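Since the structure comes first, as structure tokens, the remarks are kept for the end.
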Amino acid sequence: MNRDEQSDHDVILDLDVIAGLRELGGEDDPGLLLELVGMFLEDAPKHVREIVAGFEGADLERVKRASHTLKSSAANMGAMSLSGLARSIESTAKSADMDLLRELSSALSEVYGETADALGALEE
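In my numbering, the protein residues as written are 133 to 256.
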């Protein structure tokens with residue numbers, strides 16, 4: 133399937149990264165991808181909550197730390213939309229633009245939800 137044929141879930145996920153993660157397990161461990169997805173889905177909501185709590189408490193250092201971690205872990209899972217949003221949140225927290233940070237933070241739950249749905253579909 134080429135990129136033009138990808139579904140909405142695939143736009144959220146980089147299928148090349150997903151394929152690479154599948155290959156990591158090889159024939160010996162085909163469940164490795166699902167294990168990695170499970171770990172991500174367990175950890176990522178903690179970072180999302182940290183970002184939101186940091187914003188609500190005007191703790192920009194907390195926002196920067198959590199968004200940096202989320203940015204990296206999402207990219208490692210091929211969750212490029214979520215990673216890009218986390219990168220934007222991190223840079224916005226560095227510039228202390230609270231209006232833009234409010235806007236980005238409010239989009240975070242939705243983008244995470246879409247990402248979780250797309251990753252969950254890999255298990256089916």
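Ideal Cβ positions, reconstructed from N, Cα and C, are used throughout, including at glycine. Owing to the predicted nature of the structure, the values given are computational and were not obtained by experimental measurement.
| Asked | Found |
| --- | --- |
| Member of MET212, TYR244 and GLU159 whose CA lies at the smallest distance from the CA of VAL184 | TYR244 |
| CA nearest to the CA of ALA206, picked from LEU232, THR247 and GLU193 | THR247 |
| Segments of 4+ residues assigned as alpha helix (DSSP H) that fall wholly inside the stretch 192-253 | 192-208 and 212-227 |
| Identity of the residues DSSP links to LEU147 by a beta bridge | In DSSP, LEU147 forms no bridge with anything. |
| Distance, GLY158 Cα to GLN138 Cα | With a pLDDT of only 45 at GLN138, under the threshold of 50, the placement of this residue in the model should not be trusted, and no figure is reported. |
| Residue interval of the alpha helix (DSSP H) (run including GLY170) | 164-188 |
| Coil, strand or helix - GLU155 by DSSP | helix |
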